[in-house]
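Visitor: Mapping of the sequence shown onto numbering that gives the first Met the number 0: position 113 corresponds to residue 112, and the numbering continues sequentially without gaps. Cβ coordinates follow ideal geometry from the N, Cα and C atoms, glycine included.
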Amino acid sequence: MNLELHPVLSRPLGVIGAGRVGRALSDGLREAGATVVGPARRGEVPRGCHAIVLCVPDAEIERAAATVLGSAPFVGHTSGATPLSALAPAGAAAFGLHPLQTFAPPPARTPLGGVGAAVA
Numbered sequence: 000m001n002l003e004l005h006p007v008l009s010r011p012l013g014v015i016g017a018g019r020v021g022r023a024l025s026d027g028l029r030e031a032g033a034t035v036v037g038p039a040r041r042g043e044v045p046r047g048c049h050a051i052v053l054c055v056p057d058a059e060i061e062r063a064a065a066t067v068l069g070s071a072p073f074v075g076h077t078s079g080a081t082p083l084s085a086l087a088p089a090g091a092a093a094f095g096l097h098p099l100q101t102f103a104p105p106p107a108r109t110p111l112g113g114v115g116a117a118v119a
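Below, the structure written as structure tokens:
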């Protein structure tokens, strides 16, 4: 899939989690032409987004989902081990997007171009 041509990029996307995955995802989406709100820190809620991706530790997903209740029609997480049911507190359509990549600690940058992902 060529992200540069995908219509989802015409709507703002929110990212919560300013760690390795959140920063890499935000950077990659921006490079592909998306409007990205974030990466926001846990507890902050990106506003005006069509979808919000939670890039937080697995144990924090349910709590983060509750903070975005009613904020976007689609809410997802990047965990490879947490079920989509953890997103129920968000009250939105749930999705999972788990990049099949390790992420370097700062200040190194992990580019996402060409990286596969598991999608649920």
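Below 9 Å between beta carbons: does that hold for proline 106 and alanine 23?
Guide: Here residue 106 refers to the residue found at position 107 when the sequence shown is read from its first residue. Here residue 23 refers to the residue found at position 24 when the sequence shown is read from its first residue. No, these two residues do not count as a Cβ contact at 9 Å.
Visitor: Between valine 118 and aspartate 57, what straight-line distance do the alpha-carbon atoms span, to the nearest angstrom?
Guide: By 1-based counting over the sequence shown, the position of residue 118 is 119. By 1-based counting over the sequence shown, the position of residue 57 is 58. Rounded to the nearest angstrom, the two C-alpha atoms are 16 Å apart.
Visitor: Apply the 10 Å Cβ neighbour rule to serine 84 and answer buried if 16 or more other Cβ atoms are within range, or exposed otherwise.
Guide: Locating residue 84 in the sequence shown gives position 85, counting from the first residue. Exposed.
Visitor: Let me make sure I understand the geometry here. Which of Gly112, Arg62, Pro72, Arg40 has the alpha-carbon closest to that of glycine 47?
Guide: By one-based count along the sequence shown, residue 47 stands at place 48. Looking at the Cα atoms, Pro72 is the closest of the given residues.
Visitor: Please work out which residues of its chain come closer than 8 Å, Cβ to Cβ, to leucine 4, disregarding the five sequence neighbours upstream and downstream, and give them in chain order.
Guide: As a first step, residue 4 must be located in the sequence shown, where it is residue number 5. Residue confidence is low: leucine 4 scores 49 on pLDDT, short of 50, so the model does not pin down where it sits. Its coordinate-derived value is still stated next. None.
Visitor: Quick one: residues in its chain with C-beta nearer than 6 Å to the C-beta of threonine 81, no 5 flanking neighbours on either side, listed in chain order?
Guide: Taking the first residue of the sequence shown as position 1, residue 81 is located at position 82. Counting only Cβ-Cβ distances below 6 Å, and skipping sequence neighbours, we find Asp57, Ile60.
Visitor: What's the gap between the Cα of alanine 17 and the Cα of arginine 40?
Guide: Numbered from 1 along the sequence shown, position 18 holds the residue referred to as residue 17. Numbered from 1 along the sequence shown, position 41 holds the residue referred to as residue 40. Going from the Cα of alanine 17 to the Cα of arginine 40 covers about 6 Å.
Visitor: For threonine 34, which residues in the same chain have their Cβ closer than 6 Å to its Cβ, ignoring the five residues on either side in sequence?
Guide: The residue labelled residue 34 in the question sits at position 35 within the sequence shown. Once the five neighbours on either side are set aside, the close Cβ partners of threonine 34 are Pro11.
Visitor: Quick one, which of Val114, Arg29, Arg19 has its alpha-carbon nearest glycine 13's?
Guide: The count along the sequence shown starts at 1 and reaches residue 13 at position 14. Of the listed residues, the one whose Cα sits closest to glycine 13 is Arg29.
Visitor: How should leucine 86 be labelled, buried or exposed, when 16 other C-beta atoms within 10 angstroms of its C-beta is the threshold for buried?
Guide: On the sequence shown, position 87 is the one that residue 86 refers to. Buried is the call here.
Visitor: Compute the Euclidean distance between the alpha carbons of glycine 95 and arginine 108, then round it to the nearest angstrom.
Guide: Within the sequence shown, the letter at position 96 stands for residue 95. Within the sequence shown, the letter at position 109 stands for residue 108. About 23 Å.
Visitor: In the DSSP assignment, what residue or residues form a beta bridge with glycine 79?
Guide: Translated into positions along the sequence shown, residue 79 becomes position 80. Per DSSP, none; premise fails for glycine 79.
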